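Data first, discussion second: the structure below is written as structure tokens.
There are 2 protein chains.
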Amino acid sequence: MDAHDTLVAQRMRAFEELCRRQGTPVTVQRRVILEAVLASHDHPTADQIYDRICGRIPEISRTTVYRVLDTLVGLGMIGRAHHPGSAARFDAKTHRHHHLVCTSCRKMIDYETPELNDLPLPEPPFGFQVTDYSIQFMGLCPDCRAAAHGREDDSSA
Amino acid sequence: MDAHDTLVAQRMRAFEELCRRQGTPVTVQRRVILEAVLASHDHPTADQIYDRICGRIPEISRTTVYRVLDTLVGLGMIGRAHHPGSAARFDAKTHRHHHLVCTSCRKMIDYETPELNDLPLPEPPFGFQVTDYSIQFMGLCPDCRAAAHGREDDSSA
DNA sequence: CTCCGTGCAAAAGGTTTGCACTGGT
DNA sequence: ACCAGTGCAAACCTTTTGCACGGAG
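Sequence order for the protein chains is A and B. According to the working numbering, the first sequence is numbered sequentially starting from 109. According to the working numbering, the second sequence is numbered sequentially starting from 109.
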């Protein structure tokens, strides 16, 4: 476990340094929430994080957990996973296909490519029986690319 | 557009036949909602579907839309897309990695395989600028597999 | 005719927002 | 000391649930 602890410690230091560089305050809440996420290996929801840190900061509010998680994602310290179930978006296609997702406007475009429909599935670990898969490509859609360029132009002008 | 219309018509007939086979009533609501999804190419939310069919069935309730969409997904007539944004699950990993998602208990397990981290990205269409990707493998986790087998045994016993 | 599906309304989450205060820099 | 971050409470939005009625098989 030393190796893992060391990694966490490194991430914490990286976080502190990042905050210092950006003038972002390093609060107790942020530290504890980040630690909680780093210690989790099961993709917790905001609410689960809240439950886990209640022992350490009993008076913390759910609101803060949401805000801090957002901040941490923004800083690139943690990732946001896309979980099915909370999805609630529907699709006429039922066959295998993939998606282009714009990280800016969240638009979702179907992406059908024969080449990606026969990936050599590696031996699934954990005894998982894989029946299908879908690839999400994250990026910038043309509209948001244009908008981003426009904004750059503005700042340089 | 004829080709597309024909496809939709085919799906509608398939739907009706499927319902007939299962003794599932073919209601106006189901038909209209299915048509709405088949006509959509933008991964609408339940609410967006609701808005789109309000013109055709003004007195329809949101509740019905949710229920019918669920039914249609269950029948395999439409798909459910996993959209980021409604996600709200967090992850200590910020590097490229993939997920095994259990379709039964919705558990989500990280899946790191070097072989899948350098997919030859095909030319992204629509001028989309891809910065990263993540693969979701859908299937049954060991626990749910065991549970399913147990149930089969029960029914056969 | 019998049931399932539907509509309404209300409940149940989960997430966001406004405002005053506390804590980090 | 200043400003951002936090806590509280309430708003908000999406989704689910209970019950009575109406339409489909």
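Beta carbons are placed, not taken as given, at the ideal position from N, Cα and C, and that holds for glycine. Since we're looking at a predicted model, the values are computed, not measured.
If the five residues before and after A:THR221 are omitted, its C-beta is found closer than 8 Å to the C-beta atoms of HIS206, all from its own chain and listed in chain order. The beta-carbon distance between B:HIS151 and A:ASP240, rounded to whole angstroms, is 18 Å. This is too long to meet the 8 Å contact definition.
Chain-order list of chain A residues neighbouring B:GLY187: PHE198, ASP199, ALA200, LYS201, THR202, HIS203 and HIS205, by C-beta distance under 9 Å. In its chain, beyond the 5 residues on either side, CYS252 have a beta carbon closer than 6 Å to the beta carbon of B:CYS213. Listed in chain order, the non-local C-beta contacts of B:ASP218 below 6 Å within the same chain comprise HIS205, local neighbours out to five positions each way being set aside. Burial of B:HIS190 is indicated by the presence of at least 16 other C-beta atoms within 10 angstroms of its C-beta. Rounded to whole angstroms, the Cβ separation of B:VAL136 and B:TYR158 is 15 Å, and the two are not in contact under 8 Å. DSSP places B:PHE236 outside both helix and strand once states are collapsed to three, so it counts as coil.
One thing to note: A:ILE243 has its Cβ no nearer than 9 Å to the Cβ of B:ILE186. Between the alpha carbons of A:CYS249 and A:VAL176 lies a gap of roughly 28 Å. A distance below 8 Å between beta-carbons, with the five flanking residues on each side excluded, links B:CYS162 to the following residues of its chain, in chain order: ILE168. The beta carbon of B:MET120 sits no closer than 9 Å to any beta carbon of chain A. For the segment 111-137 of chain B, the set of residues with a beta-carbon nearer than 7 Å to any beta-carbon of chain A is empty.
Annotation: the continuous beta strand (DSSP E) that includes A:HIS207 extends over 206-210. For A:ILE217, the enclosing beta strand (DSSP E) has its first and last residue at 216-219. DSSP places B:ARG188 within a strand segment (E or B) once states are collapsed to three. Inclusion of A:PRO228 and B:LEU208 in the CB contact set at 9 Å is not warranted, their separation being larger than that value. By the neighbour-count criterion, in which a residue is buried when 16 or more other Cβ atoms sit within 10 angstroms of its Cβ, A:ARG197 is buried. At least 9 Å separates the CB of B:VAL140 from every CB of chain A.
Distance from the Cα of A:CYS210 is smallest, within the candidate group A:PHE245, A:GLN237, A:ALA254 and A:HIS203, for A:PHE245.
Interface annotation for the segment 234-249 of chain B against chain A: PHE234, GLY235, PHE236, GLN237, VAL238, THR239, ASP240, TYR241, SER242, ILE243, GLN244, PHE245, MET246, GLY247, LEU248 and CYS249, criterion Cβ-Cβ distance under 8 Å.
The beta carbons of B:LEU183 and B:LEU146 sit about 13 Å from each other, so the pair does not count as a contact at 8 Å.
CA-to-CA, the gap between B:ALA117 and B:ALA256 works out to about 36 Å.
Put simply, the backbone Cα of A:ARG138 is about 21 Å away from that of B:HIS203.
In this structure, A:ILE165 places its C-beta atom within 9 Å of the C-beta atom of A:VAL140. In the DSSP assignment, A:ASP113 falls within the unbroken alpha helix (DSSP H) covering 110-130.
One finds nothing in chain A with a Cβ atom closer than 7 Å to the Cβ of B:VAL176; even the nearest lies about 11 Å away.
Around the C-beta of A:LEU115, fewer than 16 other C-beta atoms lie within 10 Å, and the residue is accordingly described as exposed.
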